[in-house]
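Read through the structure below, which is laid out as structure tokens, and then see the notes.
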DNA sequence: ATTGCCCAAATGTTGAACATATGTCAGCGT
DNA sequence: ACGCTGACATATGTTCAACATTTGGGCAAT
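Chains as they are written, first to last, in this note's numbering: chain A, 791 to 1043; chain B, 791 to 1043.
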């Protein structure tokens, strides 16, 4: 038999490669990406595949195709950053792009306290299980954080923690929006390689308090606890809750 | 010369036709849509075009392609309802589908009061102009509402009003989320054909109060004013703020 | 200098052929 | 009678080649 294992190790994904180039800033809004035939040659695939992948980028608003001219990178505001595929790319490649990251963190500062408040009102026992399991996972991989693997696992549970809170709102729109927080959480990982501005133990404690507020059905306290968590994240990222700091200035009473 | 006018009245969009069938409930989650070759025949186009259109539905999570079997409609929860294309389809075709509409209205009840509060803190003079122009447009087409054209214009300004508030948050994520409110606003139009459960003048007055709160930079009052607007919408739609009525039970003080 | 025409280049569309995955069912053995 | 196996039909996935259309710019005539 012929070596069947290698039969479909997937063709090189042009969409993936272009996304990396664009998100990392190599191609910027207004630039033109290479033409179809050039990409065919570069990746050694046929034109149908290239067109299929380019369409993927068009559908999420990242590039714009001008018939007879080329494919242009669109303005950031046109990008469909609510698309899970886009946030996945952002998570992987946008680390060196602070502009996009700041926008996302600003949104999180807006939204997550409110989501936490909503979760505190609607969370079921099953939701609490998911939140608690994620929290315990965070604690499990908290120490011995010099290993990159450990840090990655910690982030996975961090994401799971926040996603569980979004899902506890029991609304499909909120649940789908949870994609948006991945980029900033993973950015936290890659940045903590260089700067240790945040104490993991304190961060964990803030998460614990948020969890307890949701469990105890205390919406107002959950709101504040989520603010505290986000403030810690913002500080660790060196993004000092930009001018649009709603989360901080909210006055609930 | 040959009749050139008809050369590109666009090929029939299979994606559009399938979207209509799916959103209106003709095909439901679990059903299989016609196979590629059947669609080729039905719409008299080639297979590449069909595949291109089907891919569009796959990318937004509406259908799932099973190699060698067919294309299946996915569960509602898997649909990427944050995609502008999806909300556009929903606006046009989902009017008779109350299940999806309820989810969206629930989300609006969650989100819009908060967006209004945020807008009350960040809105610039330019934002206020946009909001006010939309409000005046609503008032202009309020009366003589027996004309379908008048009602459509009123809805356009209604959408513009709410979108302007989303944009006044000055965050690209909120701004993009404004797509989500189109379906329920347009549903309001089609339903007010049959049931006159809402007084347009009262609705306009609620919008005016919301606008004034944002102008006066009164976040808490804006929150409540937005709740009042949404409650009116929910009542007009006959959707009595479902069990997940966060917007009603919020207690800010 | 402006206008109009024509051409090159890039994207858009089409059709066919081949490859791969999936479900069905007849045939065989236990 | 039950279950496994392999061939077959069907539907989706991939590749290739050719043609159509759109865009931008050069060139020439006015």
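All C-beta atoms, glycine included, are put in the ideal place defined by N, C-alpha and C.
- prompt: Which value, in whole angstroms, describes the spacing of the CA atoms of residue 849 of chain A and residue 846 of chain B?
  reply: Looking up residue 849 of chain A in the first chain gives position 59. Looking up residue 846 of chain B in the second chain gives position 56. Near 8 Å, if we compare the C-alpha coordinates of residue 846 of chain B and residue 849 of chain A.
field: Rounded C-alpha distance that separates residue 1014 of chain B from residue 912 of chain B
entry: Here residue 1014 of chain B corresponds to residue number 224 of the second chain, with the count starting at 1. Here residue 912 of chain B corresponds to residue number 122 of the second chain, with the count starting at 1. Distance between the alpha carbons of residue 1014 of chain B and residue 912 of chain B: 17 Å.
Beta-bridge pairing of residue 860 of chain A - partner residues as DSSP gives them: Here the question's residue 860 of chain A lines up with position 70 in the first chain. Answer by DSSP bridge pairing, in chain order: A:856.
message: Can you check whether the C-beta of residue 874 of chain B is within less than 8 Å of a C-beta belonging to chain A?
response: Here residue 874 of chain B is taken as the residue at index 84 of the second chain, counted from 1. Interface residue, yes.
field: Cβ-based contacts, 9 Å cut-off: residues of the segment 843-865 of chain B near chain A
entry: 845, 846, 849, 850, 851
query: What distance in whole Å lies between the Cβ atoms of residue 884 of chain A and residue 980 of chain A, which are believed to be in contact at a cut-off of 8 Å?
result: Translated into the one-based positions of the first chain, residue 980 of chain A becomes position 190. Translated into the one-based positions of the first chain, residue 884 of chain A becomes position 94. Incorrect: roughly 11 Å between the Cβ atoms, too far for contact.
query: Closer than 7 Å, Cβ to any Cβ of chain A: which residues of the segment 904-931 of chain B, in chain order?
result: 904, 908, 911, 912
message: Here's a check: name, in chain order, each residue in its chain whose Cβ is nearer than 7 Å to the Cβ of residue 973 of chain A, leaving out the five neighbours to either side.
response: Residue mapping note: residue 973 of chain A aligns to position 183 of the first chain, counting from 1. Closer than 7 Å at Cβ, skipping near neighbours: 877, 880, 881, 884, 891, 894.
field: Under the three-state DSSP convention, the category residue 850 of chain A falls into
entry: One-based indexing of the first chain puts residue 850 of chain A at position 60. If DSSP states are grouped into helix, strand and coil, residue 850 of chain A belongs with coil.
query: Of all Cβ atoms in chain B, is any one closer than 8 Å to the Cβ of residue 805 of chain A?
result: Counted from its first residue, the first chain places residue 805 of chain A at position 15. No, because no Cβ of chain B sits closer than 8 Å to the Cβ of residue 805 of chain A.
- request: Spatial neighbours of residue 1044 of chain A within its chain, please: CB distance less than 8 Å, with the 5 preceding and 5 following residues excluded, ordered by chain position.
  value: Because chain A here runs from 791 to 1043, residue 1044 of chain A falls outside it and cannot be looked at.
message: Can you pull the chain B neighbours of residue 871 of chain A, defined as C-beta to C-beta under 8 Å?
response: As a working note, residue 871 of chain A is residue 81 in the first chain. Within 8 Å Cβ-Cβ: 962, 963, 966.
Given residue 1016 of chain B as reference, the closest of B:1028, B:1026, B:999 once Cα atoms are compared: Counting from one through the second chain, the residue named residue 1016 of chain B turns up at place 226. Closest by alpha carbon: B:999.
field: Start-to-end residues for the alpha helix (DSSP H) that takes in residue 829 of chain B
entry: What you label residue 829 of chain B is simply residue 39 of the second chain in a count that begins at 1. 826-833 is the extent of the alpha helix (DSSP H) around residue 829 of chain B.
message: Measuring alpha carbon to alpha carbon, tell me which residue in A:939, A:947, A:910 is nearest residue 925 of chain A.
response: Along the first chain, one-based indexing puts residue 925 of chain A at 135. Here the closest residue by C-alpha is A:947.
- prompt: So, is the C-beta of residue 809 of chain A closer than 8 Å to a C-beta in chain B?
  reply: Locating residue 809 of chain A in the first chain gives position 19, counting from the first residue. So no, residue 809 of chain A is outside the interface.
query: By a C-beta neighbour count over all protein chains shown, 10 Å radius and 16 as the cutoff for buried, is residue 991 of chain B buried or exposed?
result: For this step, residue 991 of chain B is matched to residue 201 along the second chain. Classification for residue 991 of chain B: exposed.
- request: For chain A, find out if any of its Cβ atoms is closer than 8 Å to the Cβ of residue 896 of chain B; answer yes or no.
  value: The residue given as residue 896 of chain B occupies position 106 in the second chain. Interface residue, yes.
query: Quick one: Cα of residue 858 of chain B to Cα of residue 825 of chain B, how far?
result: Position 68 of the second chain, counting from 1, holds the residue named residue 858 of chain B. Position 35 of the second chain, counting from 1, holds the residue named residue 825 of chain B. If I take the Cα positions, the gap works out to 10 Å.
- prompt: Could you give the C-beta distance for residue 864 of chain A and residue 856 of chain A, rounded to a whole number, given that I count them as a contact under 8 Å?
  reply: Working through the first chain from its first residue, we reach residue 864 of chain A at position 74. Working through the first chain from its first residue, we reach residue 856 of chain A at position 66. Incorrect: roughly 11 Å between the Cβ atoms, too far for contact.
task: Would you kindly work out how many angstroms separate the C-alpha atoms of residue 917 of chain A and residue 1002 of chain A, rounded to a whole number?
output: Residue mapping note: residue 917 of chain A aligns to position 127 of the first chain, counting from 1. Residue mapping note: residue 1002 of chain A aligns to position 212 of the first chain, counting from 1. The straight-line gap from Cα to Cα measures roughly 13 Å.
task: Step through the CB atoms of chain B and report whether any lies within less than 8 Å of the CB of residue 835 of chain A.
output: On the first chain, residue 835 of chain A is found 45 positions in, with the first residue counted as 1. It does not: the Cβ of residue 835 of chain A has no partner Cβ on chain B nearer than 8 Å.
- prompt: Any C-beta of chain A sitting closer than 8 Å to the C-beta of residue 794 of chain B?
  reply: Residue mapping note: residue 794 of chain B aligns to position 4 of the second chain, counting from 1. In this prediction, residue 794 of chain B has a pLDDT of 34, which is less than 50 and means its spatial position is unreliable; what the coordinates show is noted afterwards. Output row for residue 794 of chain B: interface = no.
field: Residue nearest to residue 896 of chain B in terms of C-alpha spacing, selected from A:952, A:965, A:851
entry: As a first step, residue 896 of chain B is located in the second chain; it is residue number 106 there, counting from the start. Nearest option by C-alpha distance: A:965.
query: With 16 as the cutoff for other CB atoms within 10 Å, does residue 901 of chain B come out buried or exposed?
result: If you number the second chain from 1, residue 901 of chain B lands on position 111. Result: buried.
message: Using the Cβ count rule (16 or more neighbours within 10 Å means buried), how would you classify residue 802 of chain B?
response: Here residue 802 of chain B refers to the residue found at position 12 of the second chain. Classification for residue 802 of chain B: exposed.
message: Please confirm whether residue 970 of chain A has its beta-carbon closer than 8 Å to some beta-carbon of chain B.
response: As a position in the first chain, residue 970 of chain A is number 180, starting the count at 1. Interface residue, yes.
message: With a threshold of 8 Å between beta-carbons, can residue 867 of chain A be considered close to chain B, or not?
response: The count along the first chain starts at 1 and reaches residue 867 of chain A at position 77. Yes, residue 867 of chain A lies at the interface with chain B (some Cβ there is under 8 Å from its Cβ).
field: CB-CB length for residue 822 of chain B against residue 862 of chain B, believed under 8 Å
entry: Taking the first residue of the second chain as 1, we reach residue 822 of chain B at position 32. Taking the first residue of the second chain as 1, we reach residue 862 of chain B at position 72. That pair is a contact at about 5 Å.
query: Taking buried to mean at least 16 other C-beta atoms within 10 Å of its own C-beta, is residue 889 of chain B buried or exposed?
result: The residue you call residue 889 of chain B lines up with position 99 of the second chain. By the 10 Å Cβ count, residue 889 of chain B comes out exposed.
task: Can you say whether residue 788 of chain A is buried or exposed, counting buried as having 16 or more other CB atoms within 10 angstroms of its CB?
output: The structure shown does not extend to residue 788 of chain A, since chain A spans only 791 to 1043, so no value can be given for it.
- prompt: Going by the CB atoms, is the gap between residue 871 of chain B and residue 962 of chain A shorter than 8 Å?
  reply: Stepping through the first chain from its first residue, residue 962 of chain A is reached at position 172. Stepping through the second chain from its first residue, residue 871 of chain B is reached at position 81. Yes, Cβ-Cβ distance for residue 962 of chain A and residue 871 of chain B is below 8 Å.
task: Please compile the residues from chain A whose C-beta is within a distance smaller than 8 Å of the C-beta of residue 893 of chain B.
output: As a working note, residue 893 of chain B is residue 103 in the second chain. Ordered by position in chain A, the residues that pass the 8 Å Cβ test against residue 893 of chain B are 961, 962, 963.
- prompt: Looking only at its own chain, which residues have a Cβ that is under 7 Å from the Cβ of residue 830 of chain B, when we skip the five neighbours before and after it?
  reply: Mapped onto the second chain, residue 830 of chain B falls at position 40. Correct list, in chain order: 836, 837, 840.
message: Just to confirm my understanding: we take residue 1022 of chain B, look at its own chain, exclude 5 residues before and 5 after, and list those with CB closer than 8 Å. What are they?
response: If you number the second chain from 1, residue 1022 of chain B lands on position 232. Cβ neighbours of residue 1022 of chain B beyond the five flanking positions: 988, 992, 993, 996.
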